[in-house]
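Q: Residue numbers (the working numbering): 33 to 232. We put the beta carbon where it would ideally sit given N, CA and C, even for glycine. If you scroll down you'll find the structure; I have some questions about it.
Structure (C-alpha cells):
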C-alpha cells in the first residue's frame, strides 16, 4: 500500500485528502512525522509549495503534497499574496491582517476592490519532477467583516454571485467553491501519477 505525506498540521486538510485518495493510499501528515518547519522563502505560491513538498519528500522518500495559499488584491498590486498569513506581522494574526487590508483599501470604490483567493498544491515524489496545481476563487473585498465561519480573510472576501462573504457560507458550501477545492480537483485528475512514486 502506498504512503503519501500531506505537508500540514491542519486536520481538516488531512481529512479532505484522505477522502480523495480513498483506502488504497495511507495518508499521513506533519502530525504523524517529525519535521522542522520549512522556511517559505519563495516569491510565488508555486515556489513555496514546491519547497515544502520537495524538502519532506527528500527526507522520507515518499510522495508529498504541500500547499501554499493566499489573497491577491488588484488595487494593492497583488498584495498580500504569498505574505498573506504574515501580512501584519510574523505572529500570523488573522484579525490584524484583516484590519490592515481594510485600512489600505479605505476609500477605494467597490468596482476597484476585486480580489481572488489562490491555492497552489505541489506534489513531489522521489525520482519524479514536482507538479503544481493552481486553483482560484474570484471575489472582492468588502468594506467590513461579515460572518463567523472560516478563517483568515474569509470575513471580508465578498462573493458577488452569492451576495455574501465567504465567512457567511456553511463549511460544506465553501468547500465546493474554494480555491483549495479547485486545486484539489486539478490534482485529483492526476492522482494516480502522484501516488505511483517509490516508497511504501
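Which word fits residue 44, buried or exposed, when buried means at least 16 other C-beta atoms lie within 10 angstroms of its C-beta?
A: Residue 44 comes out exposed.
Q: From the DSSP output, read off the bridge partner residues of residue 58.
A: Its beta-bridge partners are 35.
Q: For residue 83, which option in 183, 72, 181 and 205 has the closest C-alpha, if you only look at C-alpha atoms?
A: Among 183, 72, 181 and 205, the Cα nearest to that of residue 83 is on 72.
Q: Let me check one thing: in DSSP terms, what residues is residue 168 bridge-paired to?
A: DSSP, once it has assigned bridges, lists 150 as partnering residue 168.
Q: Any chance you could list the alpha helix (DSSP H) runs of at least 4 consecutive residues sitting entirely within the segment 156 to 218, in chain order?
A: Taking only runs of at least 4 residues, the alpha helix (DSSP H) segments lying wholly in the segment 156 to 218 are 203 to 206.
Q: Residue 197: which of 187, 203, 204 and 206 sits nearest, CA to CA?
A: When each option's Cα is compared against that of residue 197, the closest is 187.
Q: Would a C-beta distance cut-off of 7 Å place residue 38 and residue 88 closer than the cut-off?
A: No. Outside cutoff.
Q: Any idea what DSSP makes of residue 105, helix, strand or coil?
A: In this structure, residue 105 counts as strand in the three-state DSSP scheme.
Q: Hey, does residue 61 have any beta-carbon neighbour from chain D nearer than 7 Å?
A: Note that chain D does not occur in the displayed structure, where there is just one protein chain.
Q: Could you give the C-beta distance for residue 65 and residue 34, rounded to a whole number, given that I count them as a contact under 8 Å?
A: That belief does not hold up - the Cβ atoms of residue 65 and residue 34 are roughly 16 Å apart, past 8 Å.
Q: Return the CA-CA distance between residue 201 and residue 177, expressed in angstroms with no decimal places.
A: Cα to Cα, residue 201 sits roughly 13 Å from residue 177.
Q: Using the DSSP secondary-structure output, state which residues sit across from residue 290 in a beta bridge.
A: Residue 290 cannot be examined here, being either before or after the span of the chain that is shown, 33 to 232.
Q: Between which two residues does the alpha helix (DSSP H) holding residue 117 run?
A: Premise fails: residue 117 is in no alpha helix (DSSP H) and is neither H nor E.
Q: Does the segment 209 to 222 come into contact with the segment 162 to 173, if we say contact requires no fewer than three beta-carbon pairs (one atom in each stretch) closer than 8 Å?
A: Taking 8 Å as the limit for Cβ pairs, the verdict is that the segment 162 to 173 does touch the segment 209 to 222.
Q: Within its chain, find whatever has a CB closer than 8 Å to the CB of residue 85; leave out the 5 residues flanking it on each side and keep chain order.
A: Result list for residue 85: 39, 96, 97, 98, 154, 155, 156 and 162, in chain order.
Q: Determine the contact status of residue 41 and residue 62, defining contact as a CB-CB distance below 7 Å.
A: Yes, the Cβ-Cβ distance between residue 41 and residue 62 is below 7 Å.
Q: Start and end of the alpha helix (DSSP H) containing residue 127?
A: It spans 126 to 136 - the alpha helix (DSSP H) in which residue 127 sits, taken as one unbroken run.
Q: Output yes or no for whether 7 Å exceeds the beta carbon distance between residue 152 and residue 78.
A: Contact: yes.
Q: Can you say whether residue 180 is buried or exposed, counting buried as having 16 or more other CB atoms within 10 angstroms of its CB?
A: With fewer than 16 Cβ atoms within 10 Å of its Cβ, residue 180 is classed as exposed.
Q: Look up residue 70 in the DSSP assignment and say whether it is helix, strand or coil.
A: Three-state result, residue 70: coil.
Q: Is the CB-CB distance between residue 220 and residue 52 below 7 Å?
A: Cβ atoms of residue 220 and residue 52: closer than 7 Å.
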